[in-house]
Each structure stands twice: as C-alpha cells, then as structure tokens.
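Residue numbering for the sequence shown is 161 to 541, as defined by the working numbering.
Below is one structure; the comments refer to it alone.
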Amino acid sequence: MKLLVIILFSGLITGCRSDSSSSLPPKLLLVSFDGFRADYLKNYEFPHLQNFIKEGVLVEHVKNVFITKTFPNHYSIVTGLYEESHGIVANSMYDAVTKKHFSDSNDKDPFWWNEAVPIWVTNQLQENRSSAAAMWPGTDVPIHNTISSYFMNYSSSVSFEERLNNITMWLNNSNPPVTFATLYWEEPDASGHKYGPEDEENMSRVLKTVDDLIGDLVQKLKMLGLWENLNVIITSDHGMTQCSQDRLIKLDFCIDRSYYTLIDLSPVAALLPRINRTEVYNKLKNCSSHMNVYLKEDIPNRFYYQHNDRIQPIILVADEGWTIVLNESSQKCSVRLENLLPSKGCLHQPNEDFTEFEAGCTTRAHWIPPASGSEGNYTMG
Ligand SMILES: [Zn+2]
161 MKLLVIILFS GLITGCRSDS SSSLPPKLLL VSFDGFRADY LKNYEFPHLQ NFIKEGVLVE
221 HVKNVFITKT FPNHYSIVTG LYEESHGIVA NSMYDAVTKK HFSDSNDKDP FWWNEAVPIW
281 VTNQLQENRS SAAAMWPGTD VPIHNTISSY FMNYSSSVSF EERLNNITMW LNNSNPPVTF
341 ATLYWEEPDA SGHKYGPEDE ENMSRVLKTV DDLIGDLVQK LKMLGLWENL NVIITSDHGM
401 TQCSQDRLIK LDFCIDRSYY TLIDLSPVAA LLPRINRTEV YNKLKNCSSH MNVYLKEDIP
461 NRFYYQHNDR IQPIILVADE GWTIVLNESS QKCSVRLENL LPSKGCLHQP NEDFTEFEAG
521 CTTRAHWIPP ASGSEGNYTM G
C-alpha cells in the first residue's frame, strides 16, 4: 500500500556534496503552495520556479489522497498515511462518539490530530533537533503533547514575507538547530476558487505573484547562507478543476433535508442519516448519473477511505467537474478541488501536482511509521 504522494521525498539523497557541512544534521524545508494544479507549470511562465528546478529535480508524478481537500492532503504529506489512517478525513468532520466538530476555523483540538505522528513531531523527539513551522495545517496544535519549537498561529492575513522571515530566522539561528521546517501559502488555491483555473487572465497574474514569492524564497535562503546546506521541497496538496452552474447535483431534488445531517458537501459529500440508513441510501443512489453513492462499507478499497469512525455512513462522490449542492440557490458553483475521483472509465483521474526540490546535502530522513494502518512507503532514494 504505497502512498504515491511520498514520491516527493524519494530523491532526497541525490546530489549530496561531501563538504564540511556533511557532519551537520541534514535540514529540510518543506513548502506548499496550496492548489497548484500540475499543468500550471506547463501553461504559464515561471522563471523563478524554473531556475529552482534547474538546480534540483522535478518529480513528475505526485498523486493526491482521497478526498482531495487541503487539511487531509497536507496531513498525508507529513505523516505518510492515507486519510483513514491519520484521521483528518475532511476539512469538515464530526465525531459521533464525542460529538465534536472540526472545521478549518475550528481545528485546534489535538483529538483530531493525535491518530498520527507528523514528521515535525518525530523530528523534534530526536536529540538535538527542533522543528519550525509557518502555518502548515496542524503545526499550531500540540500533537501527542508536542508542538513545533517555533510556530505561528494560523492567520490567512499574515503575509508570505512575514512567514518567510520567521522561518529563515528560525532555520538560521536556533539551538537546538531547526532541522525540519514547513512553510504554507494559500495561493494559488484561493484565486483558483475565485476565478477558476481556466481564467487565464487572472490566473496568469496570480501565478506570476506565486513565482515571485518562490524567487523571494530562494534569494533569501541564498542571502542568509542557508541555500547550500538545506534541502527544499516545493509541492502542493491537490489540483483544481473548473466547475459550472450547468453541472450541479441538487440533493434537495432527491431527499428531504430532515432525513440526514450534512457533514461535508463537495466534491465528496458526507452524510449522517437521521432515519434508516438504507432508506437514505436508496433515495440518493439514483439521484444523479454524475454522482456515486456509497455506503461506508462499500467505499472502494482504492480510495483507502473506509476504516475510520470519522468517515460518515454514506458518502457521495461527484464526477470530475460536477458540484454537489443542496439546491440551485443554496450554493453557487465554486471551483472545486479535484483529484483521484473516479470518472468515466477511469479508476483514478489524477491531476498530477508538481513537486521539485533542491538537493543540498542530506543523508536520510528519519521516520517512525505507525504499526498498523494503510501507511505510505517511505523508502528513500
Ligand atoms: Zn488545498
């Protein structure tokens, strides 16, 4: 059971240079630009990113995990686990036992995160190492009673520059040294939702700013003397598909809202039935030819999305490009996250996000996988 997203770690040991720094612990900076669709790299100009790639390696294939949301995918990247195993199974969750709710604005309860151990915790539990984080999901939460030595409370209004200044300061001047750092930025996801990934005029402007930020990042690392002894991975969490008001799946047409509680909506909806589960399922199963309806136990194995109490009894999976709504007026089409959704004739229809890194000098990532569950493959090199 290999988690392909972890391919992004696979090249870390190439490019090692045997200089005086080899005795120092390896350092890694992991950067995510949210919602960076794979083909942006082909369809738009990225001079700074292309320079970055020239000095390192471009990994062509990184697959998302199911479902294609920000919190679950970011936690998979740093745990090596599918969502059913790390427990962050959606951006909006409900736990029926504790009656707790989770959302992107209510994410600070360690309960949700403690089913896995993220790499910044693992790193920090080793002797003489600390971790630093600039707003990667989960890094402002104590997980297994451990929080990054250096972190920022999440706020989307904090500039990239401030995040970068903090992370480089911590990488440059900390004791014990920061050997693992993360940096998260909301673009191009936010603009992808706003304009749609096919809006070339707006997206070219937004993607130029993303590229400029990558330029700032590299320049700052070089200016501070960090560049030569630091591995940098730039990656993303999922792609982005254009949706349309002509491709809406309207649940109100099929089932009364009083029959279920809606936990999450689209492109994968999660329903908690209030009446007999089979009755809810029967009302929904033929609701749309562009939506698959699954009882929890029938969710296909290839999704690795079944064995967790937080996965609701019924999930609805829209075809790529389709949006699940309650009714036409309840929600407009917003551009959706997309990936690994089954679509006509395909098991998976992944948008391959890009990943590349600058190989400095490191030896081997340290990793303690959990004893069970659908874990990823962390073989290096
Ligand atoms: Zn995202």
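C-beta: ideal position from N, C-alpha, C; glycine also.
Just so we're clear, the structure is a prediction, and the values are computed from it rather than from any experiment.
Of all C-beta pairs linking the stretch 475-487 to the stretch 400-419, three or more are shorter than 8 Å, placing the two stretches in contact. Counting C-beta pairs closer than 8 Å gives fewer than three between the stretch 279-294 and the stretch 458-466, which falls short of the contact rule. Judged by DSSP in its simplified three-state form, M363 adopts helix. Apart from the 5 residues on each side of it in sequence, W482 sits with its Cβ closer than 8 Å to the Cβ of C403, R407, L408, I409, P427, S448, H450, M451 in its chain, given in chain order.
Scanning the stretch 268-294 from its first residue to its last, the whole beta strand (DSSP E) runs of 3-plus residues come out as 290-294. Pairing N211 with Y310, the inter-Cα distance amounts to about 29 Å. Remark: C-beta atoms of I423 and S252 approach each other more closely than 8 Å. Bridge partners of S192 according to DSSP: Y344, T395. Looking at the backbone, the Cα of N468 and that of E244 are separated by about 5 Å. Looking at the DSSP output, T483 bridges to L408.
Per DSSP, reduced to three states, the secondary structure at A350 is helical. Within the chosen limit of 7 Å, ligand 1 does not reach the beta carbon of T342 with any heavy atom.
In this structure, DSSP gives V370 a helical state, which the three-state scheme calls helix. At least one heavy atom of ligand 1 falls within 7 Å of the beta-carbon of G195. Sorting L367, V257, F340, T438 by C-alpha distance to the C-alpha of D199 places L367 at the top. Taking the Cα of T342 as reference, the smallest distance to any Cα among E360, P348, L377, D371 is reached at L377. Contact check between the stretch 262-276 and the stretch 427-446: fewer than three CB pairs, one atom from each, fall below 8 Å, which does not count as touching. If you check the C-beta of D397 against ligand 1, you find a heavy atom less than 7 Å away. Remark: the C-beta of T230 is in contact range of ligand 1, defined as less than 7 Å to any heavy atom.
Cβ-Cβ separation between F193 and W345: approximately 5 Å, consistent with a contact (criterion under 8 Å). With a cutoff of 8 Å on beta-carbon distance, L189 and V392 are scored as near each other. In this structure, A276 lies near Y235, with their beta-carbon atoms less than 8 Å apart. Secondary structure of K229 (DSSP, three-state): coil. Placement of the Cβ of D264 at a distance of 7 Å or more from every heavy atom of ligand 1 is found. The alpha-carbon of Q379 is positioned some 20 Å away from that of F340.
For P207, the enclosing alpha helix (DSSP H) starts and ends at 207-214. When the alpha-carbon of T230 is set against those of T239, V219, G195, the nearest one is in G195.
If you ignore the 5 residues before and after A256, its C-beta comes within less than 8 Å of the C-beta of L432, D469, all in its own chain and listed in chain order. Beta-carbon to beta-carbon, V238 and W280 are separated by about 7 Å, close enough to satisfy the 8 Å threshold. In this structure, L209 lies away from I327, with their beta-carbon atoms at least 8 Å apart.
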